[in-house]
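Notes for the one structure printed next.
Number of protein chains: 2
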Amino acid sequence: MPTHNLNVFALRLRLARKAKKLSQERLGILAGIDESSASARMNQYERGKHVPDFLMASKIAEILDLPTAYFYVENDLLAEIIQVSHTLSNEQKLEVLRFIKDLQDF
Amino acid sequence: MPTHNLNVFALRLRLARKAKKLSQERLGILAGIDESSASARMNQYERGKHVPDFLMASKIAEILDLPTAYFYVENDLLAEIIQVSHTLSNEQKLEVLRFIKDLQDF
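Chains as they are written, first to last, in my numbering: chain A, 295 to 400; chain B, 295 to 400.
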């Protein structure tokens, strides 16, 4: 049984925030956290001390232009697939699905 | 701002469990919940009354052969992409990423 990385949320959040060049404080404020605690709360999330609930995770994901599920993916390549698929149209997503099914049949 | 579907976990869990033809009780027991409460706990998860923590979600995902992130995806097509990508080798995942990037450049 693989070890479940309970800090996967923390790791993905830090990477995604830095990619958007936002400070912890700024991201926290944009996600609706009070200015006085935004920096500390985001820091706790990134250190894996607390995991936000799904609603807060969804708010953060939206600000970072990511699907919420991105934060919960342990495999790096799967995380990247989710990240890039997020912005595709439904028709393009169907093309991706066909491509994957062809790969599996090969 | 879109409405965040807090019951996305409940919906995906029910669909995935039924696809594997497992009862709520059986899945709960396999996930390590005590026999006396397995059925009730799984039923609460599927009705969206409680959302399991990440560790329990990971255990359930493993039994159902799914990546944990699958439970947190709101878009149905993206959920399917995650589900089918999960079983690919890393080399195949890289092929999928190249395919998506070509789609985006098109």
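No residue lacks a Cβ here, since even glycine has one placed at the ideal position from N, Cα and C.
Reference Met-350(B), options Asn-369(B), Leu-324(B) and Asp-370(B), closest by Cα: Leu-324(B)
Test: Glu-340(A) CB closer than 8 Å to a CB of chain B: no
Val-367(A) to Pro-361(A) span [Cα, whole Å]: 11 Å
Rounded C-alpha distance that separates Glu-389(A) from Arg-320(A): 37 Å
Sequence-distant residues of the same chain with beta carbon closer than 6 Å to Ile-327(B), five excluded per side: Arg-335
Exposure of Lys-353(B), with buried meaning 16 or more beta-carbon neighbours within 10 Å: buried
First and last residue of the uninterrupted alpha helix (DSSP H) at Asp-399(B): 384-399
Closer than 8 Å to chain A by CB, Ser-379(B): yes
Inter-residue CB distance, Phe-348(B) and Phe-303(B) (contact presumed, cutoff 8 Å): Actually they are not in contact, since the Cβ atoms of Phe-348(B) and Phe-303(B) sit about 11 Å apart, beyond 8 Å.
Selection from Gln-377(B), Pro-346(B), Phe-393(B) and Lys-315(B) that minimises the alpha carbon distance to Val-378(A): Phe-393(B)
Member of Ile-357(B), Thr-381(B) and Phe-400(B) whose CA lies at the smallest distance from the CA of Lys-403(B): This structure cannot settle anything about residue 403(B), because the visible part of chain B is limited to 295 through 400.
Residue interval of the alpha helix (DSSP H) (run including Gly-322(A)): 318-324
Which of helix, strand or coil DSSP assigns to Leu-349(B): helix
Residue-chain proximity (Lys-314(B), chain A), Cβ-Cβ < 8 Å: no
Residue environment, Arg-311(B), which counts as buried when at least 16 other CB atoms sit within 10 Å: buried
As assigned by DSSP and simplified to three states, the class of Val-367(A): coil
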